[in-house]
Amino acid sequence: MHANAQSAPAPQGAQPILRVRDLQAHYRTSHFGVRRGVKAVDGVSFAVNRGEIYGLAGESSSGKTTLIKSIAGAIRPPLEIVGGSVEFAFLPGYGGLHRAPPVDVARIRWRHLSYIMQGSMNVLNPVRRVRSVFVDFAYPHIGGSRKQFEQQVIAHLARVRLDPSVLAAFPHELSGGMRQRTTLALATICRPDFIIADEPTTALDVVVQKEVLGMIRGIQRETGSSVLFVTHDMGVHAHVTDRLAIMYAGRLVEEAATAEIFRNPLHPYTRHLISSRPRIGDDTPREGLGGSPPNLADPPPGCRFHPRCPLATEICKREVPAMLEADTGHRVACFAVNQGSRP
Amino acid sequence: MNDLLLDISEVSKTFVRGGLWSRQKIAAVSEVSFQLAARRPEILAIIGESGSGKTTLARMILNIETPTSGKLVLDGIDLAAIRNSAGRMAFMHKVQPIFQNPFESFNPLKRLDRYLFMTRRRFSGEAGEGAAETTVNHALHKVGLSLKEVRHRYPHELSGGQLQRVAIARALLAEPKLIVADEPVSMIDASLRISIVNLFKTLRDELGISIIYVTHDLATAYYISDRIMIMQKGRVVESGDARTVLKAPQHPYTRQLREAVL
Chain A
1 MHANAQSAPA PQGAQPILRV RDLQAHYRTS HFGVRRGVKA VDGVSFAVNR GEIYGLAGES
61 SSGKTTLIKS IAGAIRPPLE IVGGSVEFAF LPGYGGLHRA PPVDVARIRW RHLSYIMQGS
121 MNVLNPVRRV RSVFVDFAYP HIGGSRKQFE QQVIAHLARV RLDPSVLAAF PHELSGGMRQ
181 RTTLALATIC RPDFIIADEP TTALDVVVQK EVLGMIRGIQ RETGSSVLFV THDMGVHAHV
241 TDRLAIMYAG RLVEEAATAE IFRNPLHPYT RHLISSRPRI GDDTPREGLG GSPPNLADPP
301 PGCRFHPRCP LATEICKREV PAMLEADTGH RVACFAVNQG SRP
Chain B
1 MNDLLLDISE VSKTFVRGGL WSRQKIAAVS EVSFQLAARR PEILAIIGES GSGKTTLARM
61 ILNIETPTSG KLVLDGIDLA AIRNSAGRMA FMHKVQPIFQ NPFESFNPLK RLDRYLFMTR
121 RRFSGEAGEG AAETTVNHAL HKVGLSLKEV RHRYPHELSG GQLQRVAIAR ALLAEPKLIV
181 ADEPVSMIDA SLRISIVNLF KTLRDELGIS IIYVTHDLAT AYYISDRIMI MQKGRVVESG
241 DARTVLKAPQ HPYTRQLREA VL
């Protein structure tokens, strides 16, 4: 499963394609004078290098969807970016898509930045044939004659092993796997620099899932795109991602090369995620983790994992641990680990 | 005392789609037979992809769906012969469901403790608030919760894992012999999933409840189940001891599934 152990990190000194600095995105509501704030993303920093698949793992309500929304510039009230910046190499100087002028955003969308979403039905317009969807999304960026464009689409569909006949179909006439492959073809036809993949295979059956993951990996290798791959499924991360960040309650808790995370997880939460995965052929009993994920409207002070953490000490209840490098390229936010008293 | 807790023989379910001229028959389940022994509680995993008929089979065992042909007998009760509410009550005493999404199985406007007290009132003749509280609290203790945590709470106030525990506690109030759990952990967060899975083991070992665990996840099925049944397109393609089937799959489809596990 550590198939990616040898995959090289981006060349040293290369400019990362995406740099997120201390991003804070909160939901703020005010109903009948009652103000509520949910700190869904609270001080997240990371960088994605060119040509790598960067994984983001976290359970529901860990803030990973909010993080993607902030990166993609899909900020609508009550979501607000309270602080920090999101800088793409192809859109420098603005500190986030939400601050860039709409003309620039329209220019880079799909050409440089595209998305693969979980529910492919939400991406594909249900009343338009797949051909029209391709024209809507990609034709303005590719140009040329319509005939050439169609040839290019057919050639690209072949990469995801789809027959040209899908162009004449409506989305509901395709199976879930075919739809997700269509979305994948749609997201990659302009050879974008950066692809955001939000749970792209969660709704698929296991056999189809593996096939689609292989295609994402294959196309990414071919086009050299960078991918931000978000899923809660650690098995999927082990299979496709190069580097992996673990998110818990709105903050990153650990980041390292995927193989390193699986070989040597340091944060107690990551350790639990990996040790609790049932594996075929392994009969050792797994231990559950007590407690439940915190409510982000009222998160615990200090380290947000401390109420469930077996290693928690006094300092964890008061102070927020910083993401520190425990090893080369292996960052972790935990007092117990960073002080050297490794469990 | 019957020897068989559940006896399913040659059960099929066909759905008909379309109008008079465009009739289309879909065989969701075709000729499935299996048995569960009454004396030895076990966890049976039914595995398949979407469209394999595993949920339809589970719904037939729960008597939500009536089979097109074949016979289901649960602890001496023929499911086709249940006619009145007394028969249904007796049936529900023996088998209880757990559904996939705990946020959907509870009414968001109804307090959780009301579910528990109503279920208890329906299934036990005994009256009195004090006795009811003891029984409900006892059931919640079995799943690692207490009445204090649940009382006056609405579903949105609990996490998915806690809600699924409440759903299990509610099922336990009927003192069933069989629990049919349809994808019970697929909507549960990773950090809570394994404790729910472990809870099923505890139910089998300590309370002697048999569990039919419907899932598409081979890894958790391997972890908890004693016996496994692989379904494809409505048919059982392979079944047997969980460890044997998953370590040395015979049917090509099982092999395909086994290889797709990441």
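Chains A and B, in that order, are what the protein sequence lines are. Each residue of the first sequence is one higher than the last, beginning at 1 in full-length UniProt numbering. Each residue of the second sequence is one higher than the last, beginning at 1 in full-length UniProt numbering. Idealized CB from N, CA, C, for every residue including glycine. Note that this is a predicted model, so its numbers are computed, not measured.
- Partner residues in the beta bridge of B/Y213, as assigned by DSSP, are B/A45 and B/A181.
- One finds L262 in chain B with Cβ atoms closer than 7 Å to the Cβ of A/G235, taken in chain order.
- Around the CB of B/V16, fewer than 16 other CB atoms lie within 10 Å, so the residue is classed as exposed.
- Under the three-state reduction of DSSP output, A/E260 falls in the helix class.
- Within the stretch 152-216 of chain A, the complete alpha helix (DSSP H) segments at least 4 residues long are 176-188, listed from N- to C-terminus.
- Under DSSP, B/Q100 takes part in no beta bridge, so it has no partner.
- Annotation for A/E325: the continuous beta strand (DSSP E) segment containing it runs L324 to D327.
- When Cβ-Cβ separations below 7 Å define contact, B/G161 makes contact with chain A.
- Within the stretch 206-219 of chain A, the residues whose Cβ lies closer than 9 Å to some Cβ of chain B are V206, V207, V208, Q209, K210, E211 and L213, listed in chain order.
- Here the alpha carbons of B/V214 and B/D75 stand approximately 20 Å from one another.
- Residue B/S191 holds the alpha-carbon nearest to the alpha-carbon of A/S62 among B/S191, B/T66 and B/F34.
- Taking 3 residues as the minimum length, the beta strand (DSSP E) runs contained wholly in the stretch 59-143 of chain B are 69-74 and 95-98, in order along the chain.
- Interface flag for A/S175 against chain B is unset, since no Cβ pair is found closer than 7 Å.
- Residue-level contact by beta carbon holds for A/S60 and chain B, with a gap shorter than 7 Å.
- Shortest Cα-Cα distance from B/D241 to any of B/G18, B/I43, B/A28 and B/A27 involves B/I43.
- As a beta-bridge residue in DSSP terms, B/Q232 pairs with B/R235.
- Counting only Cβ-Cβ distances below 8 Å, A/S114 has no contacts in chain B at all, with the closest Cβ about 24 Å away.
- DSSP, read as helix, strand or coil, puts A/T29 in strand.
- Between the alpha carbons of B/I194 and A/I216 lies a distance of about 29 Å.
- Around B/E49, the beta-carbon contacts reaching into chain A at under 9 Å are D205, V206, V207 and V208.
- Non-local C-beta neighbours of B/V237 in its own chain, meaning closer than 8 Å and more than five positions away in sequence, comprise I230, M231, H251, Y253 and T254, ordered along the chain.
- Rounded to the nearest whole angstrom, the CA to CA distance from A/V236 to A/L228 is 13 Å.
- Residues of chain B whose Cβ lies closer than 9 Å to the Cβ of A/A336 do not exist; the shortest such Cβ separation is about 18 Å.
- Proximity of chain B to A/L273 at the Cβ level (cut-off 8 Å) is accounted for by A190 and S191, in chain order.
- In chain order, G43, S45 and G84 place their CB closer than 6 Å to the CB of A/D22, counting only its own chain and leaving out the 5 sequence neighbours on each side.
- Counting the other CB atoms within 10 Å of its CB gives A/Q15 a total below 16, which places it among the exposed residues.
- Taking a contact to require three or more Cβ pairs closer than 8 Å, the stretch 97-114 of chain A and the stretch 127-147 of chain A qualify as touching.
- For a cut-off of 8 Å, the C-beta gap from A/A256 to A/L273 is around 13 Å, too long to register as a contact.
- The bridge partners DSSP lists for A/V320 come to none.
- For B/V150, the enclosing alpha helix (DSSP H) stretches over residues L147 to V150.
- The stretch 114-129 of chain A and the stretch 197-208 of chain A touch, with three or more beta-carbon pairs separated by less than 8 Å.
- In the three-state reduction of the DSSP assignment, B/S22 falls in the coil class, being assigned neither a helical nor a strand state.
- Going by DSSP, A/F305 is part of no beta strand (DSSP E) at all; its letter is neither H nor E.
- The C-beta distance from A/F88 to A/L113 rounds to 7 Å, short enough to fall under 8 Å.
- Contact annotation: B/P41 and B/S186 have beta-carbon atoms that are not nearer than 7 Å.
- The alpha carbon of B/D189 has as its nearest neighbour, out of A/P101, A/P294, A/G177 and A/P310, the alpha carbon of A/P294.
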